[in-house]
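Q:
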Amino acid sequence: MILVLPLLSYWAPSPSNSRPHDGVGLLLRHPLHKHVQKIDPWKGRLLKLDFFFHQTKISIISVYIPPYHSIHYKERDAIFAQLNLWLDKARSNNYHVVILGPSSTFYHQNGSSKLDYIWSSPGFPAPGLFSHVETCPKMNDNQFTDHRVLITAFNFSSYFATLAKARLKQKSEQRTIFLYKNLKDDVWDAFSNEVNSRLELYLATHHPSISSLSAFPLDKLWHALKRSILGGAIDSLPFQHVSNTHHHKYSPKLTMLIAINKFLDRLLFKLTTSQTSHPT
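Residue numbers for the sequence shown follow this note's numbering, so the first one is 19 and each next one is one higher.
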């Protein structure tokens, strides 16, 4: 089953008659969904999406493993066997892999249960920016679950422009450029104020306990700053959509800023891929 929303696409196996409420699913933000080449569901317990980028192949596997109990022994063994089969195939075909578990942890005032993991294969090409545990929102002013959600942020932005030109034209992919030349001072002031407001709101909402930027982890601060700049630009600056093959000439100062941004992304990539594996 595939559900396409304005900003997201959702994949999930069709539920069976015997277990209508079972199943795993994956939500993808546009335009990442355009790179999905193959979808493999398995009995409502496993779901694998294969992504093809230019010279890079990635599999994302969503897993649900039933509790360790005698009534689930055979099913658990079958799930692990299928998962190992996919991993062996991914290794032999040079795929990078991300495995997502139930991604939740039981939490209450006196303690919490085990935290599940998000695993990425060694040398995973998209840098892992940071991880955190998010409280589930309320529904109708009621807390509908006592679980919290484990989130890991990966930076896939450098892979949106890695397709060959022929494939770009075939997929009709576009990107956004901002028309920043010849803008008046009041537009730049509005952009600056919007970036500051977004950054303050993001930090206050997601990290209220940190009062000083100097105490903030560098990877999270870098992510928050880039997020605020992009959101402020979308709200404040004129822009247009162009083909992904469009060549845009930048000013010398902006060219230097882009080079610094790429250097910091590469540095973060090296720092986050220095270990043999990356559980979260």
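Just so you know, even glycine gets a beta-carbon here, dropped at the ideal spot from N, CA and C.
Do you know whose CA, among 73, 54, 77 and 29, lies nearest residue 62's CA?
A: Along the sequence shown, read from residue 1 onward, the residue named residue 62 stands at position 44. Cα-wise, what sits closest to residue 62 is 29.
Q: Just the C-alpha distance for residue 22 and residue 87, rounded to the nearest angstrom, thanks.
A: Mapped onto the sequence shown, residue 22 falls at position 4. Mapped onto the sequence shown, residue 87 falls at position 69. Unreliable placement is indicated for residue 22, whose pLDDT of 46 sits below 50; no coordinate value is reported for it.
Q: Rounded to whole angstroms, what is the Cα-Cα separation between residue 65 and residue 250?
A: If you number the sequence shown from 1, residue 65 lands on position 47. If you number the sequence shown from 1, residue 250 lands on position 232. Rounded to whole angstroms, residue 65 to residue 250 spans 36 Å at the Cα level.
Q: Can you list the beta strand (DSSP E) stretches of 3 or more residues lying completely in the segment 239–278, in chain order?
A: For the segment 239–278, whole beta strand (DSSP E) runs of length 3 or above, ordered along the chain, are 257–261.
Q: Tell whether a beta-carbon distance below 8 Å holds between residue 136 and residue 150.
A: Counting from 1 along the sequence shown, the entry for residue 136 is found at position 118. Counting from 1 along the sequence shown, the entry for residue 150 is found at position 132. Taking 8 Å as the Cβ cut-off, residue 136 and residue 150 do not qualify as a contacting pair.
Q: With residue 283 and residue 173 assumed to form a contact (beta carbons below 8 Å), what rounded beta-carbon distance in angstroms separates them?
A: In the sequence shown, residue 283 corresponds to position 265, counting from 1. In the sequence shown, residue 173 corresponds to position 155, counting from 1. Indeed they touch by this definition, with Cβ atoms about 7 Å apart.
Q: Using only alpha-carbon positions, find the residue among 92, 68 and 196 that is nearest to residue 272.
A: On the sequence shown, residue 272 is found 254 positions in, with the first residue counted as 1. Answer by Cα proximity: 196.
Q: Tell me the rounded alpha-carbon separation between residue 9 and residue 253.
A: Here the chain comprises residues numbered 19 to 298, so residue 9 is not present and cannot be evaluated.
Q: Does the segment 136–145 come into contact with the segment 89–100, if we say contact requires no fewer than three beta-carbon pairs (one atom in each stretch) closer than 8 Å?
A: The segment 136–145, when compared against the segment 89–100, does not touch it at the 8 Å Cβ threshold.
Q: Give the DSSP-derived three-state secondary structure of residue 125 in the structure shown.
A: One-based indexing of the sequence shown puts residue 125 at position 107. Bear in mind that a pLDDT of 49 at residue 125, under 50, signals an unreliable position, so the number given afterwards is only what the model happens to contain. Residue 125: strand per DSSP, three-state reduction.
Q: As a quick exercise: from 148, 269, 268 and 280, pick the residue whose alpha carbon is nearest that of residue 235.
A: Reading the sequence shown from its first residue, position 217 is the one you call residue 235. It is 148.
Q: Give the DSSP bridge partners of residue 137, in chain order.
A: Position 119 of the sequence shown holds residue 137. Looking at the DSSP assignment, residue 137 forms a beta bridge with 117.
Q: Kindly indicate which three-state DSSP category residue 213 falls into: helix, strand or coil?
A: The sequence position of residue 213 within the sequence shown is 195, counting from 1. Residue 213: helix per DSSP, three-state reduction.
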